[in-house]
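Engineer: Using mature numbering (1 follows the signal peptide of the UniProt record, and there is no 0), the letters of the sequence shown correspond one by one to residues -26 to -1, 1 to 829.
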Amino acid sequence: MMRCCVSCLLAVISACLLLTVPSCVGEGDPGRIRGENGELSLVIAVALTNNGVPFLEPGWAHMASAVLAAKHFNEKDPTVVSQLEEYADCPFRFSNISVIDTGTNSHLAMKSLLQRIQDVGIVDAIAGPYNEQPAMELSVLATGMESPIVAFRGLDHNLVLPDKHPYYSQINPDLYGEMEFIAEYLKHTNRTNYVAILYSNEDSVLQRMETLQTVLKEKVDCDQVKAYSYLSVSKAQAGEDRGLRDAVMRVSQTGFRTIVLLTATPDLDTPGIGAAAHEYDLDQGGHFWIIPGGLDPSGTNRDNILVQFQHKQEGGFLRGAAYSSMFEGHNVNDDDPFEHTLSSQNASFVEYLRNLNPIANYTGKFFCKLNDLSEKIDPAVNPQCTLPDNFFQELPFFGERVGFAYDATMSIGIGACMAIAGKTNSTALTGKEHLDGIQSVNFKGASGQVRFRNRPGTPGSRDASSPYYGILNLLPRGGASEEILQATSYVDPDINDWVDVFPFVYSDGSNSPPTLLRTTPEQNYLDPVVRGIGLTLMSISLLFIAASAIWVWRHRNHRVVIAAQPPFLYVLCVGSTLFSMVILVNSFDESHGWTDSMLDKACVATPWLYILGDMIVYSALFTKLWRVNKVLQFKRARVKVRQVVWPGLFLVLAAIVLLSVWTAVDDFGWYRQEIDEVSGETIGRCIGTYTGAFLIPVGIICTIPTLLTCIMAWKTCDVDDMYSESKWIFSLVLVQIQVIVVGIPVVVILQSVSTNGRYIGVTLITWTFPMSTLGLIMVPKMYALRKEQMGVQKSISRGSSKGVVVSGLTHPTKESQNTRSSGNTTRGSGEHDADPLQPANFDVSSSRVQTVIMH
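#1: I'd like the list of long-range same chain contacts for S450, defined as Cβ closer than 6 Å, with 5 residues on each side in sequence excluded.
#2: In three-state terms, what does DSSP make of A594?
#3: When the Cα of E120 is compared with those of H162, V424, F642, Y142, which residue comes out closest?
#4: Excluding sequence positions up to five away, which residues of its chain have a Cβ less than 6 Å from the Cβ of S700?
#5: Do V169 and V199 come within 9 Å of each other at the CB atom, strictly closer than that value?
#6: If you compare alpha carbons, which of P103, G267, P621 is closest to A21?
#7: Decide if N146 is buried, meaning its Cβ has at least 16 other Cβ atoms within 10 Å, or exposed.
#8: Would L135 and Y173 qualify as a contact pair, given that the criterion is a beta-carbon distance under 9 Å?
#9: On the three-state DSSP scale, how would you describe M183?
#10: Among F291, D640, I386, which residue has its Cα nearest to the Cα of G260?
#11: Taking all protein chains shown into account, do 16 or more other C-beta atoms lie within 10 angstroms of the C-beta of residue 892, making it buried, or fewer, making it exposed?
#12: What distance in whole Å lies between the Cβ atoms of A83 and I18, which are believed to be in contact at a cut-off of 8 Å?
#13: Give a yes or no on contact between the stretch 411 to 426 and the stretch 294 to 304, applying the rule of three or more CB pairs nearer than 8 Å.
#14: Would you say L87 and L112 are within 9 Å of each other, going by their C-beta atoms?
#15: What are the partner residues of T656, as DSSP defines its beta bridges?
#16: Return the first residue and the last residue of the beta strand (DSSP E) that W263 is part of.
#17: Mind pulling the beta strand (DSSP E) runs of 3 or more residues that sit fully within the stretch 1 to 66?
#18: Please return the same chain residues whose Cβ sits closer than 6 Å to the Cβ of S348, not counting the five positions on each side in sequence.
#19: Locate the alpha helix (DSSP H) running through A250, then write down its first and last residues.
#20: Closest to G77 by C-alpha separation, out of L583, K209, P108, would be which residue?
#21: Look up V169 in the DSSP assignment and give the residues it is bridged to.
#22: Give the list of continuous beta strand (DSSP E) stretches no shorter than 3 residues that lie fully inside the stretch 63 to 123.
#23: Secondary structure at R794, three-state DSSP: helix, strand or coil?
#24: Could you compute how far the alpha carbon of T729 sits from the alpha carbon of G735?
#25: Suppose you measure from the CA of L509 to the CA of D588; what does that come to, to the nearest Å?
#26: Could you please give me the residues that DSSP links to M300 through a beta bridge?
#27: When the Cα atoms are used, what is the spatial distance from Y254 to D243?
#28: Starting from S143, trace the beta strand (DSSP E) in both directions and tell me its first and last residue.
#29: Report yes or no: do the stretch 209 to 225 and the stretch 185 to 196 share at least 3 C-beta pairs separated by less than 8 Å?
#30: Within this structure, are the beta carbons of P488 and R646 separated by less than 9 Å?
#31: On the three-state DSSP scale, how would you describe S565?
#32: Need the endpoints of the beta strand (DSSP E) that L543 sits in, please.
#33: Give me, in chain order, the residues of the same chain whose beta-carbon lies closer than 8 Å to that of F596; leave out the 5 immediate sequence neighbours on both sides.
#34: Please report how far the alpha carbon of V(-6) lies from the alpha carbon of I96, in whole angstroms.
#35: Considering only DSSP beta bridges, list what V473 is partnered with.
#36: If we call anything under 9 Å between Cβ atoms a contact, is H408 one with R8?
The following block contains the structure:
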């Protein structure tokens, strides 16, 4: 970049010093006038040397095409451009045509043009060049001269920015237009998502990558685009790891099956990319590689790469790849007038080219082709590498954007004609007027329809819908052994639709692209074995609940069960069942055939089952103990269930209202989240926007019956276990608190990491609640009943005595009807004989104590 800036600065200084150009004088100057006599001086800038050594292709072809365009314009010959008939009366002609050598990437362009100006004077227009750095240098000089320049090709987006290069135009679309075609091709092949971009980090390539990302999102709504870079050859130090293998590895990890390769040095990058692609199985037929054209120095360089790696392992990823390029008329028309005209030029035209040759004085050996720099050619041995008389008949050079050189030159001539269209009897025009005329042309040339000003920000770039954009099939399988590429389809700007020429052969040898757009990423589905464990635990829980309910019903008339108040035991079973069902609704995901709608409903059901199960269990325990406490306080003779059940019902109703609001307001449901950007690994879980906001009031409501139960258990802690399970309730609460404190954080951590881990955590927490509830409430009663059946006596405590029952809670037993109460007792025990038909005397009215339970 520094070198480029220095060269540009030198160019401006040199132009001002040597030319005394008006634009270097001040802003108020109207600009240099040219064409007053209808004559325009033209410089054709082509690359004829590489590091000082001449080569034949494609520079000679560009020169020949541009010179032919100037000749046709001067003669108003409509053979190639039929619109020239409309400008038959246009007074302009190219009277002074010269050719300069720009080289490929040196500062020769600036030197050549300055030398030409010194020799013959200021230039009115420049056609060319083909390479990026010469184009920048000549554009700066053109700005100093106020002379329009139309390049055969432009790569750097900065060139088409009018604030940086105000007199520059290019015969190819800007980056946005080129990348639009890639997006259209992806749309054409139904691959508009999951696109990986592999690119070298050179400036021109970075521009392409960023533009492609933008176009994919804007034009085809492709939101799954990932780009990975490696160190370019120009920026890597000797022996430095360029990160090629790492970049390809990351592309592989994405699982994306469509890969776009952007590189400025394909000949240097192909071996490394190919080796890494083979290592990570990106060349086995399941991936589709797309290589946008325009980054190679020439098509012949591209062909050389294909031939070099055609039968090598490193070239495997190229086999069946798509190469995008702008076609010319001869690519899509067997009877193309430009090809026919150029190939029919005779020896006199060849001689004219020889006279324009800027390196005619070079007498040493030279290279025949730019893509074959291994051996210099002696003209005496191989005259075909000079300019023989049959040059146009014997040496094929089409495919090197020869038609673009023709159209670039033609646009300069037609642009001058359009610039004076509104003037009367005047051919004088400024550089700005000439530039406006060029950017207003609309004609069909050798490369398709030519028009500029595709986008407001880049008026000098060609309209992206005007040229022929096409696809070349690289190394198609099943073709001839020498076949390295085949044009398969293109977009015809005349009909704005795709035209298929040959079937595209993909890397697997078929005519169908890879089915998958992306290797299916890890979805973290619930493992069937883990699910089986969860459902087994649920089954155990439900069996235990069912067994408990059956046991209560079977022994419903036994005093142990009656004292435990069977209705509340049934309610405990109901609440425990709701708890257990949480395991069921959490045991499914997409892998088990459930749709998103079904999973959404399962998510919504989870808090309902959890919360209602908890509320019902603890409300039942509280109500049961409260009833016992009321009876033992002797404030009422009869304490019916409906008299103590209202707090529990109120809390359950409040929970239902809150859950209803939560369900109505929140979008709580099943969502699958991406947890790894690179691989696309996902995990499914229940999420809601306002879940956190609702968990707080839900937690408060659930805590109330638990606290009330603990308080009531404390008040009845000295009551006989047959009536009050205080110590077991304290144990129950302690166990469940420990499970919550330990289990909930673990589940929170695992919910975004491991489906199996989260499921196991939720299952164990859920399973613990019903099992601990019924295990600590029901099992002691089963044990007590068993002991009583075996004749084991109990110690006396409040609420019981030998042969005495607590009114309102128990039936009289046979023992109480035939014995007298005696011994140490607490409040609620008898101190004298009890009548077998009357209630025990608790120092209160007998009407307050009943010998049957009141429901």
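We put the CB at the ideal spot given by N, CA and C, even for glycine.
Structural biologist: Short version:
#1: Working through the sequence shown from its first residue, we reach residue 450 at position 476. The displayed chain sequence assigns Pro, not Ser, to residue 450. So the list reads Q460, V479, once near-sequence residues are dropped.
#2: As a working note, residue 594 is residue 620 in the sequence shown. Three-state DSSP puts A594 in a helix.
#3: Locating residue 120 in the sequence shown gives position 146, where the first residue counts as 1. Taking only the C-alpha atoms, the option nearest E120 is Y142.
#4: Numbered from 1 along the sequence shown, position 726 holds the residue referred to as residue 700. Closer than 6 Å at the Cβ level, and outside the excluded window around S700, lie A687, T690, C691.
#5: On the sequence shown, residue 199 is found 225 positions in, with the first residue counted as 1. On the sequence shown, residue 169 is found 195 positions in, with the first residue counted as 1. V199 is a Cβ neighbour of V169, given a cutoff of 9 Å.
#6: In the sequence shown, residue 21 corresponds to position 47, counting from 1. Checking every option, the nearest Cα to that of A21 belongs to P103.
#7: By one-based count along the sequence shown, residue 146 stands at place 172. Burial call: buried.
#8: What you label residue 135 is simply residue 161 of the sequence shown in a count that begins at 1. What you label residue 173 is simply residue 199 of the sequence shown in a count that begins at 1. A distance of 9 Å or more separates the beta carbons of L135 and Y173.
#9: Here residue 183 corresponds to residue number 209 of the sequence shown, with the count starting at 1. The DSSP-derived three-state label of M183 is helix.
#10: Residue numbering aside, residue 260 sits at position 286 when the sequence shown is read from its first letter. Comparing Cα-Cα distances from G260 to each of F291, D640, I386, the minimum goes to F291.
#11: This structure gives no information on residue 892, because the portion of the chain shown stretches from -26 to 829.
#12: Walking along the sequence shown from the start, residue 18 turns up at place 44. Walking along the sequence shown from the start, residue 83 turns up at place 109. About 12 Å separates the CB atoms of I18 and A83; that is not less than 8 Å, and the two are not in contact.
#13: Here the stretch 411 to 426 lies against the stretch 294 to 304, with 3 or more beta-carbon pairs under 8 Å apart.
#14: Working through the sequence shown from its first residue, we reach residue 87 at position 113. Working through the sequence shown from its first residue, we reach residue 112 at position 138. For the 9 Å CB-CB criterion, L87 and L112 form a contact.
#15: Here residue 656 refers to the residue found at position 682 when the sequence shown is read from its first residue. Note: T656 is bridge-paired with E648 in the DSSP secondary-structure output.
#16: For the purposes of this step, residue 263 is taken as the residue at position 289 of the sequence shown. Secondary structure note for W263: its beta strand (DSSP E) is the uninterrupted segment 262 to 266.
#17: With a minimum length of 3 residues, the continuous beta strand (DSSP E) runs that stay inside the stretch 1 to 66 are 13 to 20, 27 to 31.
#18: Position 374 of the sequence shown, counted from the start, is the residue given in the question as residue 348. Note on S348: pLDDT 45, under 50, position unreliable in the model; no value is reported.
#19: Numbered from 1 along the sequence shown, position 276 holds the residue referred to as residue 250. It spans 240 to 253 - the alpha helix (DSSP H) in which A250 sits, taken as one unbroken run.
#20: For the purposes of this step, residue 77 is taken as the residue at position 103 of the sequence shown. Of the residues L583, K209, P108, the one whose Cα lies closest to the Cα of G77 is P108.
#21: Stepping through the sequence shown from its first residue, residue 169 is reached at position 195. In the DSSP output, where bridge partners are listed per residue, V169 has V199, T232.
#22: Entirely contained in the stretch 63 to 123, the beta strand (DSSP E) runs reaching 3 residues are, in chain order, 67 to 75, 99 to 101.
#23: Walking along the sequence shown from the start, residue 794 turns up at place 820. Confidence at R794 is low in this model, with a pLDDT of 33, below 50, so the placement of that residue should be treated as unreliable; the coordinate-derived value is given next. Reduced to three states, the DSSP call for R794 is coil.
#24: What you label residue 729 is simply residue 755 of the sequence shown in a count that begins at 1. What you label residue 735 is simply residue 761 of the sequence shown in a count that begins at 1. Pairing T729 with G735, the inter-Cα distance amounts to about 10 Å.
#25: The residue you call residue 509 lines up with position 535 of the sequence shown. The residue you call residue 588 lines up with position 614 of the sequence shown. Take the alpha-carbon of L509 and the one of D588: they are about 20 Å apart.
#26: As a working mapping, residue 300 is identified with position 326 in the sequence shown. Y443, per the DSSP bridge assignment.
#27: Indexing the sequence shown from 1 puts residue 254 at position 280. Indexing the sequence shown from 1 puts residue 243 at position 269. Cα to Cα, Y254 sits roughly 17 Å from D243.
#28: Counting from 1 along the sequence shown, the entry for residue 143 is found at position 169. 142 to 144 is the span of the beta strand (DSSP E), which, as asked, contains S143.
#29: Counting C-beta pairs with one atom in each stretch, the stretch 209 to 225 and the stretch 185 to 196 have fewer than three that are closer than 8 Å, which means they do not touch.
#30: Here the question's residue 488 lines up with position 514 in the sequence shown. Here the question's residue 646 lines up with position 672 in the sequence shown. Annotated as distal: P488 and R646, with beta-carbon spacing of 9 Å or more.
#31: Here residue 565 refers to the residue found at position 591 when the sequence shown is read from its first residue. It is helical.
#32: Here residue 543 refers to the residue found at position 569 when the sequence shown is read from its first residue. No beta strand (DSSP E) contains L543, which is instead part of the alpha helix (DSSP H) from 540 to 559.
#33: Here the question's residue 596 lines up with position 622 in the sequence shown. The answer, listed in chain order, is P621, G622, P679, L682, T683, M686.
#34: Taking the sequence shown and counting its residues from 1, the one referred to as residue -6 is at position 21. Taking the sequence shown and counting its residues from 1, the one referred to as residue 96 is at position 122. Because the pLDDT of V(-6) is 44, which lies under 50, any placement of that residue in the model is unreliable, and the question is left without a value.
#35: Position 499 of the sequence shown, counted from the first residue, corresponds to residue 473. According to DSSP, which records beta bridges pairwise, V473 is partnered with Y464.
#36: Position 434 of the sequence shown, counted from the start, is the residue given in the question as residue 408. Position 34 of the sequence shown, counted from the start, is the residue given in the question as residue 8. Yes, Cβ-Cβ distance for H408 and R8 is below 9 Å.
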